[in-house]
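Every number in the numbering used here is 6 more than the matching position in the sequence shown, counting from 1. Glycine included, C-beta positions come from ideal geometry on N, C-alpha and C.
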Amino acid sequence: MESPALVPRRSVVAGLAGLAGLGAAGLLAGCTSGHEHGSSSTASQGGTANTGGGTANTGGGTGGMAHDLGRTFPPPTPLEPTPGQLVVAKTLTPAPTTADLGGLTLPTWAYDGVVPGPLIRATAGDLVRITLANQLPAPTTVHWHGIRLRNEADGVPGLTQAPIAPGATYRYDFVAPDPGTYFFHSHVGVQIDRGLYGALIIDDPREPGDYDAEWVVVLDDWLDGTGKTPDDILAELIKGGGGHAGHGMGMGGMGDPPWGPGGDVTYPHYLVNGRIPVAAETFTAKPGQRVRIRLVNASADTIFAVALGGHRLTVTHSDGYAVRPTETGALYLGMGERYDVVTTLKDGVFPLVAAPFGKQATAARALVRTGSGEAPPPDARPAELGGPVLTHADLAPTDAARLPNKAPDSVLDVVLGGGMGNYAWTINGAAYGKNSPLRVTAGQRTRLRVSNMSMMTHPFHLHGHTFAVASTGLRKDTLLVRHMELVELDFDADNRGSWMAHCHNAYHGEAGMMIELAYRS
């Protein structure tokens, strides 16, 4: 475990003023992972796929890269439920809206007019059928982060589908095989940083449910509507070479342990479930109750350290997969990561705090109330954040979650590079579209040797598969890789298609830190 150092680093957002044009170009980073089951059937919602065009032109808009590889895509193949299979059907409508963040109302884009988007819940083995009705002024897609689904439903524009044009609809049909805590978000440009995200829970029908209540906690960093859009910020990063002189870092420019520099963007707000700290959501329960908390980091540029004041947390799952129960006072969540924890509640009112690593700001928070008493002030900092903070290196998988023991059949190098100097981020020496795809063979065990040669930590995310960290066996789909660190990640090539592997910092991914993983025919 590591002690956090939450100090200012570098600031990119200066004097947020002036609105930018609409639109988003390019594609963002997303994720996949999952478990299995079947159940009684219910009526399904029909629909056809109208993508508003079959070419992969993701350009247009003000600030992203146009990741158009010149591919064309047929309409998606609908899936019909098997006998006894439950269908979970929903329509999602992304559209411009005014978000209420707790008395602070800001213009943004959102699913169904709410931030986070509506909770989607299914049981492992269900057929999930989501119709996206795009009411945005720009193309979009949805990525189902962490779900091991079929390739055409993965939601990566230009790689797995054509972007969904304004006014068009598109139906995502997929089976959710693995239980766990996941989320969904736009995979176009930096749209995730506008509010286009929501939690996705896949329940385990075999789980005993050894807790009295469950809370879903979604973390975010927020700037949209405060004077500039995320597209403006991306353009500023690229034009300005990643920042301005004089923004302090500790350790002689190396940043602070354990993650080094804490991100590229200084945000005015940090949110829990779409609310600012002065108007925090309150979770209510009774003293002595055992609660499961599903934590999702949906932010674009922020690593969070999370603690519940006065409580110990037992980590039970990482990215949907069970771990040996491990107790801690606090834990880190990188962008795109999810952790499940359980705790037994004390009597009183307690802050559930998500402190942004390396950024000087009021932390995101919710309140937990089990009895009478005054709420702590919005800037209250739990003592637990001053002690050891758990990282993925402190965890080990349960025996059932382990990848079967097997030597890798192939080894592929994934070198993360680039820097703030010209705001160019690369994999294997080139930006996405200019680097050569990673080639895998179906049925083989592949090892990714991920080496981070940059001076920043990157949340590395693999679509369509989960991997095992070779040193610990921990199963994940998103992993924080420290600056100058080498990690080895093993996965089975058992899901054919063209997949994305990338940094889940939205701005790094959009500036080039992505690569295709393709199956040999």
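To the nearest whole angstrom, what separates the beta carbons of residue i and residue j, a pair I think is in contact under 8 Å?
| i | j | result |
| --- | --- | --- |
| Ala370 | Val297 | That belief does not hold up - the Cβ atoms of Ala370 and Val297 are roughly 19 Å apart, past 8 Å. |
| Gly470 | Gly503 | 6 Å |
| Ala476 | Leu495 | 7 Å |
| Ala313 | Gly335 | 6 Å |
| Leu229 | Thr332 | Rounded, the Cβ-Cβ distance is 34 Å, inconsistent with contact. |
| Leu225 | Ala436 | In fact, because the Cβ distance is near 32 Å, the residues do not count as touching under 8 Å. |
| Tyr217 | Val321 | The pair is not a contact, with the Cβ atoms about 14 Å apart (cut-off 8 Å). |
Among the options, which has the Cα closest to the Cα of residue i?
| i | options | result |
| --- | --- | --- |
| Val148 | Thr97, Thr103 and Gly186 | Thr97 |
| Trp115 | Asp179, Asp199 and Gly90 | Asp199 |
| Ile433 | Ile309, Thr78 and Pro443 | Pro443 |
| Gln167 | Trp505, Gly518, Met520 and Met519 | Trp505 |
| Ala474 | Thr146, Leu492 and Leu485 | Leu485 |
| Ser324 | Val181, Leu92 and Tyr188 | Tyr188 |
| Asp262 | Gln366, Ile244 and His467 | Gln366 |
| Ala5 | Asp385, Asp353, Ile239 and Ile153 | Here the chain covers residues 7 to 527 and nothing more, so residue 5 does not appear. |
| His191 | Asp210, Ile126 and Asn157 | Ile126 |
| Pro236 | Arg526, Asn511, Met520 and Met519 | Asn511 |
| His193 | Leu110, Thr146 and Leu373 | Thr146 |
| Gly364 | Arg212, Thr463, Met520 and Val94 | Thr463 |
| Gly423 | Tyr178, Leu391, Phe466 and Thr232 | Phe466 |
| Gly231 | Phe289, Val120, Gly269 and Thr111 | Thr111 |
| Leu133 | Ala95, Asn157, Leu107 and Asp160 | Ala95 |
| Leu401 | Thr349, Lys482 and Gly354 | Lys482 |
| Leu75 | Arg445, Arg455, Glu86 and Asn441 | Asn441 |
| Gly518 | Val271, Gly195, Val93 and Ala430 | Ala430 |
| Gly186 | Thr288, Pro274 and Ile299 | Ile299 |
| Val420 | Ile170, Asp179, Arg387 and Leu492 | Leu492 |
| Phe180 | Leu155, Gly164, Val162 and Gly195 | Leu155 |
| Phe497 | Thr452, Phe289, Gly439 and Arg488 | Thr452 |
| Ala219 | Phe289, Pro87, Asp353 and Asn411 | Phe289 |
| Pro211 | Ala291, Leu468, Pro183 and Leu454 | Pro183 |
| Arg135 | Gln450, Pro84 and Leu107 | Pro84 |
Could you name the residues that DSSP lists as bridge partners for residue i?
| i | result |
| --- | --- |
| Trp228 | His275 |
| Asp262 | Gly266 |
| Ile207 | Arg127 and Thr187 |
| His508 | His467 and Met520 |
| Phe79 | DSSP output for Phe79 lists no bridge partner at all. |
| Ala525 | Note that residue 525 is Tyr in the sequence shown here, rather than Ala. Answer is Val446, bridged to Tyr525. |
| Arg375 | Thr290 and Val355 |
| Val196 | BP columns for Val196 are empty, so no partner. |
Can you check whether the C-beta of residue i is within less than 7 Å of a C-beta belonging to chain D?
| i | result |
| --- | --- |
| Lys245 | Annotation note: the requested chain D is absent from the structure, which comprises a single protein chain. |
Quiz item: Mind pulling the beta strand (DSSP E) runs of 3 or more residues that sit fully within the region 473–503?
Solution: 473–475, 484–487 and 492–498
Quiz item: Are at least three pairs of beta-carbons, each pair with one atom in the region 122–142 and one in the region 171–189, less than 8 Å apart?
Solution: yes
Quiz item: Looking at C-beta atoms only, is the number of pairs between the region 300–309 and the region 342–350 that lie closer than 8 Å three or more?
Solution: yes
Quiz item: Counting pairs of beta carbons, one from the region 281–291 and one from the region 87–105, are three or more of them closer than 8 Å?
Solution: no
Quiz prompt | Given 8 Å, three or more beta-carbon pairs between the region 313–323 and the region 202–215 | solution = no
Quiz item: Going along the chain, which unbroken runs of the alpha helix (DSSP H) with 4 or more residues stay wholly within the region 277–363?
Solution: none
Quiz item: Can you list, in chain order, the stretches of the alpha helix (DSSP H) that have 4 or more residues and sit fully within the region 82–118?
Solution: none
Self-check item: Completely contained beta strand (DSSP E) runs for the region 395–478, where each covers 3 or more residues
Solution: 416–425, 430–433, 444–446, 451–458, 464–468 and 473–475
Quiz item: For the region 378–385 against the region 450–463, are there 3 or more C-beta pairs whose distance is under 8 Å?
Solution: no
Practice problem: Note down, one range per segment and in chain order, each beta strand (DSSP E) of at least 3 residues found wholly within the region 123–178. | Solution: 126–129, 133–139 and 149–151
Quiz prompt | Meets three-Cβ-pair contact criterion under 8 Å: the region 348–358 and the region 264–273 | solution = no
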